[in-house]
Each structure stands twice: as structure tokens, then as C-alpha cells.
Amino acid sequence: MKKKQKQNLAIGITIGAIATGLTAYLLFRKKAKQDKPSKRAPQLDIDNPGSQAEFPTTATESEVG
Numbered sequence: 001m002k003k004k005q006k007q008n009l010a011i012g013i014t015i016g017a018i019a020t021g022l023t024a025y026l027l028f029r030k031k032a033k034q035d036k037p038s039k040r041a042p043q044l045d046i047d048n049p050g051s052q053a054e055f056p057t058t059a060t061e062s063e064v065g
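Position 22, counted from 1, in the sequence shown is what full-length UniProt numbering calls 22; the numbers after and before it change by one each time, with no gaps.
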């Protein structure tokens with residue numbers, strides 16, 4: 001190959017590698033942001049989530065009849 005063709009090939013490979021690396025970086029960064037909970041998300045105690053009074057309960061047998 002001529003010297004100019006080799007230079008063009010090297011430039012093309014370099015640009016392709018940079019574009020691939022940048023794309024991978026942005027995708028991993030986006031995924032990492034989605035995996036983390038928001039800083040403003042409420043933190044609840046899973047063992048004791050608090051009062052459940054706001055949710056309706058089902059009727060017992062004595063209430064049904």
C-alpha cells in the first residue's frame with residue numbers, strides 16, 4: 001500500500017476505536033445511573049414499613065354473614 005493509504009487506514013481505525021470507546025463509556029454510565037436509587041428516594045425499614053392503616057382490609061367471615 002502507499003504511504004497515504006496507510007495513514008488514512010490508521011486514522012480511520014483510530015477514529016473508530018475512539019467512537020466505540022466513547023459509546024461504551026456513555027452506555028455504562030447511563031446504566032450505572034439507572035441502577036442507583038435517587039438521592040431523594042425515601043428509605044424505609046423493610047422489617048417494619050410502618051402503619052398499614054391507610055390500606056383497606058378484607059371482610060372477615062363474621063362481617064360477611
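Idealized CB from N, CA, C, for every residue including glycine. Please read these numbers as outputs of a predicted model, since none were measured by experiment.
Span separating the alpha-carbon of residue i from that of residue j
| i | j | result |
| --- | --- | --- |
| ARG29 | PHE55 | 39 Å |
| SER38 | LYS31 | 14 Å |
| ALA10 | ALA24 | 21 Å |
| GLN34 | ILE15 | 29 Å |
| GLY21 | MET1 | 28 Å |
Cut-off 7 Å between Cβ atoms - residues of its own chain near residue i, not counting five sequence neighbours on either side
| i | result |
| --- | --- |
| ASN48 | none |
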